[in-house]
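In this note's numbering, the protein residues as written are 109 to 303.
Just so you know, even glycine gets a beta-carbon here, dropped at the ideal spot from N, CA and C.
Presented below is the structure to which this report refers.
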Ligand code: VGL
Ligand code: ZN
């Protein structure tokens, strides 16, 4: 099967927040959020085969995080450190080779981007990464922020549409986020077919 892009020696896969609370039935469920899992597993296989690194960010909030409604924020309680809701989706083929990046772990900071207050950029540079492929949840928040940060940090960025889903608080938010990413120079591929 024809791939939308080939994995090169300066690529890395960045999987954003594929955690139970963002899946159907979770505390902040993203509609069809579970559907990204098999697509991402395929991508992980391709990156492993190419010997290129895989990073998985996780939303990792303290119990009283400022983004929670109880603290005046917009969201229900979700992805609290150490809870089952914060665990990665069980169907995701994580292994010891995947670098886990915890983010948004401070009570008084709201950091949607996997680059914000983490060492992700430094770790990518350590691996000679020039291009990141960003997938996961949710298109209109953490995927958007992470892809925009990647570009700001000087990386090329690709988003695979088939491997992201949106919260869509307002219908169309996901589409608007993809447009914003394209405008910022992110390459959006509809689908990554892997053979
Ligand atoms: C996210 C809302 C709140 C995300 C995280 O991962 O996109 N969205 N916290
Ligand atoms: Zn969050």
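Note: residue 245 is bridge-paired with 273 in the DSSP secondary-structure output.
Collapsing the DSSP output to three states places residue 265 in a strand.
Pairwise C-beta distances place the segment 158 to 175 in contact with the segment 227 to 239, as three or more of them are shorter than 8 Å.
With at least 16 other beta carbons inside 10 angstroms of its own, residue 211 counts as buried.
For residue 283 and residue 173, the gap between their C-alpha atoms comes out near 28 Å. Proximity of the segment 168 to 186 to the segment 146 to 158 falls short of the contact definition, fewer than three beta-carbon pairs being nearer than 8 Å. Of the heavy atoms belonging to ligand 2, at least one sits nearer than 7 Å to the Cβ of residue 175. Look at residue 212: its beta carbon is less than 7 Å from one of the heavy atoms in ligand 2.
If you draw a 10 Å sphere on the C-beta of residue 123, you find 16 or more other C-beta atoms in it, and that means buried.
Under the DSSP definition of a beta bridge, residue 185 lacks any partner. Comparing C-alpha distances from residue 135 to each of 192, 218, 146 and 242 shows the shortest one belongs to 192.
Put simply, of 290, 128 and 281 the residue whose alpha carbon is nearest the alpha carbon of residue 195 is 128.
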